[in-house]
Amino acid sequence: MNFSKYFFATALALFICAGILGQTPRRKTTTRTAPARAVMPQPTPEPVNRQLPPTEPRAPIPLAIVNGQTITTADIDPRMKEEVESLEERIADTSRSVLELQINTELLEMEAKKRKLTSQQLYNLEVSKRVLNPTEAEIKKFIDDNRNQLDETSLRPQVISLLRATQEAKVSEEYVRRLRTANPVIMGVDINSPNLNPAAVLATVGGKPITAGAVLERLKPAIYKMRLSVYEIQSEALERTINDLLLIAEANRRNVPPEEIVRTEISEKSHPPTEAEVAKFYAENKSRLGGDINSVRNQVAEYLQEQGRRHLERTMSEKLRKGAQVRLLFSEPQPPTQAISTDDDPSRGGATAPVTVVEFTDFQCPSCAAMHPVLEEVLKSYGNKVRFVVRDFPLAMHANARKAAEAANAAQAQGKFFEYAALLFKRQDALDVPSLKKYASELGLDRARFDAALDGGTFAAEVRRDIADGEMYGIDSTPTIFVNGVLLKTLSAEDLRAAIDRALGATSTTKTSPN
Numbered sequence: 017m018n019f020s021k022y023f024f025a026t027a028l029a030l031f032i033c034a035g036i037l038g039q040t041p042r043r044k045t046t047t048r049t050a051p052a053r054a055v056m057p058q059p060t061p062e063p064v065n066r067q068l069p070p071t072e073p074r075a076p077i078p079l080a081i082v083n084g085q086t087i088t089t090a091d092i093d094p095r096m097k098e099e100v101e102s103l104e105e106r107i108a109d110t111s112r113s114v115l116e117l118q119i120n121t122e123l124l125e126m127e128a129k130k131r132k133l134t135s136q137q138l139y140n141l142e143v144s145k146r147v148l149n150p151t152e153a154e155i156k157k158f159i160d161d162n163r164n165q166l167d168e169t170s171l172r173p174q175v176i177s178l179l180r181a182t183q184e185a186k187v188s189e190e191y192v193r194r195l196r197t198a199n200p201v202i203m204g205v206d207i208n209s210p211n212l213n214p215a216a217v218l219a220t221v222g223g224k225p226i227t228a229g230a231v232l233e234r235l236k237p238a239i240y241k242m243r244l245s246v247y248e249i250q251s252e253a254l255e256r257t258i259n260d261l262l263l264i265a266e267a268n269r270r271n272v273p274p275e276e277i278v279r280t281e282i283s284e285k286s287h288p289p290t291e292a293e294v295a296k297f298y299a300e301n302k303s304r305l306g307g308d309i310n311s312v313r314n315q316v317a318e319y320l321q322e323q324g325r326r327h328l329e330r331t332m333s334e335k336l337r338k339g340a341q342v343r344l345l346f347s348e349p350q351p352p353t354q355a356i357s358t359d360d361d362p363s364r365g366g367a368t369a370p371v372t373v374v375e376f377t378d379f380q381c382p383s384c385a386a387m388h389p390v391l392e393e394v395l396k397s398y399g400n401k402v403r404f405v406v407r408d409f410p411l412a413m414h415a416n417a418r419k420a421a422e423a424a425n426a427a428q429a430q431g432k433f434f435e436y437a438a439l440l441f442k443r444q445d446a447l448d449v450p451s452l453k454k455y456a457s458e459l460g461l462d463r464a465r466f467d468a469a470l471d472g473g474t475f476a477a478e479v480r481r482d483i484a485d486g487e488m489y490g491i492d493s494t495p496t497i498f499v500n501g502v503l504l505k506t507l508s509a510e511d512l513r514a515a516i517d518r519a520l521g522a523t524s525t526t527k528t529s530p531n
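Put into structure tokens, the structure is as follows:
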């Protein structure tokens, strides 16, 4: 495994998680499972903050035109206004920080080569081995300081990981400073220059250039997530602002207070659900609600009443907008096209197929199991037009997922990956090692060879490589699917078909376009 690649991917994933408000994907049928990760060690230090010149006050950003009136960021919630208006500055900061991470990675590789060590050996020697476990007093102090947010029993391991990560960040920061003192780092073109040429040299580390193309490719998922997060924030804020504006206009037209319209259109029409409605909802959702109907009746009733009120609010909003002229001045950002590696991973379909679908999966993830038959059904209708590739992304929250991924790779070595994967998805409640070996017998695999690979960790590095690549591509939940390098935002058969059809259309257009 290329440790420096893992090193960079882990640091980049941490930076993205720290710097982005959070993604709220739009989903339909199958939902992704997001990891509940403990804080991971930070292999590279926080980038050095540059002293930037003071910026002028930001001009309000136009968001929409409603009945001839322009709504800007000055008209929305001040907290959301700041997030929207500071987006480009935060993207610029992220770009500088990711370049710093790349420089640090190159320095580590150079030093490792000088000392005839691998990058991992060097990092372990200079950083990991210098990180001590926190004392009981340190753990207690952290928990006491954050008692309102933590449960000491369930989160103790996470607290220890966090304290170790904090210490590791300090140690690695000091080590990188020493490396920078000993090795020349020459800065080149500003990464935030407009119309940046991919061949432009951003920095030279020990004579080795770092080009804009390499860094910009790694920035794609981070910038997309930042733009998507802000899109969702401004959409929500703008929705409220437009509704308020139209409500006031309608109230003025009727010559009544706005509250009167809300009372007649929402409050007077909102009623508690009937016992039959509560019973029906409980029957349809019993498996995930848990408990008997008496124990959850109040919560179900409150939920149904809230849903009813929201429906009335949407209905009122639609009525108000019917006679209004509303034009939005922004649109949802589209996922970037990424170069997703598919070298030796399990695949079906022709190697020269015009469309490649890549799934990053977790065999213990219920959402992945639910998506499995959807993928099977959709992909078979395209025949050799589509190549399907599976890569591993076991989540830390799933105790057996990583070993299950290794087992699937061991089955792949004997030509039975897809048959074995189907078994794992059907038997997610039994993914311990003895069960994994039993499934190999059911498929007629060479047990001696399979067991040796599983017990010896033959494919552990392959799984780690997939995880590192996935983090580089911005993956933070499973399943995550790419169609010709473009993220599938909504996990449904309809959206998967639409994405494949678009990709087929694009490749057809490319082939027939004139020179």
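FYI, the numbering for the sequence shown is 17 to 531, going by the numbering used here.
Ideal Cβ placement from N, Cα and C applies to all residues, glycine included.
Since this is a predicted model, take the numbers as computed values, not measurements.
Per DSSP, reduced to three states, the secondary structure at F379 is coil, with no helix or strand assignment. Counting only the Cα atoms, L507 lies some 35 Å from I207. Between I77 and T89, the C-beta spacing is below 7 Å. Counting along the chain, V217 sits inside the beta strand (DSSP E) bounded by residues V217 to V221. Straight-line spacing of the CA atoms in E116 and A216 works out to 16 Å.
Under the three-pair Cβ rule at 8 Å, the stretch 424-431 does not count as touching the stretch 393-403. Here V502 is bridged, per DSSP, to T353 and V499.
For V402, no alpha helix (DSSP H) run applies; the uninterrupted beta strand (DSSP E) run containing it begins and ends at V402 to D408, by DSSP. In this chain, the beta strand (DSSP E) harbouring K224 covers K224 to T227.
The three-state reading of DSSP puts M203 in strand, counting E and B together. With respect to V402, A369 sits close: the two C-beta atoms are nearer than 7 Å.
The closest CA to that of L520, considering only P495, D492, R443 and T372, is found on T372. With distances taken between CA atoms, I258 lies nearest to R343 out of R343, L171, E125 and R279. Going by DSSP, R163 is part of no alpha helix (DSSP H) at all; its letter is neither H nor E. The three-state secondary structure of S102, taken from DSSP, is coil. V272 sits in coil when the DSSP states are folded into three classes, being neither helix nor strand. DSSP, reduced to helix, strand and coil, places Q118 within a helical segment of the structure shown. Shown here, A80 sits in a strand according to DSSP, grouped into three states. Of all C-beta pairs linking the stretch 490-504 to the stretch 229-245, three or more are shorter than 8 Å, placing the two stretches in contact. Of all alpha-carbon atoms in L411, N83, F434 and R106, the one lying nearest the alpha-carbon of P389 is that of F434. In its chain, beyond the 5 residues on either side, I119, A219 and V221 have a beta carbon closer than 7 Å to the beta carbon of V201.
For I491, no alpha helix (DSSP H) run applies, since DSSP gives it neither H nor E. Between the stretch 463-482 and the stretch 440-454 there are three or more inter-stretch CB-CB distances shorter than 8 Å, so the stretches are counted as touching.
When secondary structure is reduced to three states using DSSP, T86 falls in the strand class. The beta carbons of R325 and S286 sit about 5 Å from each other, so the pair counts as a contact at 8 Å. Excluding the 5 residues flanking it on each side, L503 has same chain C-beta neighbours closer than 6 Å at P351, in chain order. Around N416, the same chain offers Q380, L447 and D448 as residues with beta carbons nearer than 7 Å, after the five sequence neighbours per side are excluded.
Our two residues, H327 and K302, have alpha carbons roughly 23 Å apart in a direct line. The beta carbons of L262 and L336 sit about 4 Å from each other, so the pair counts as a contact at 8 Å.
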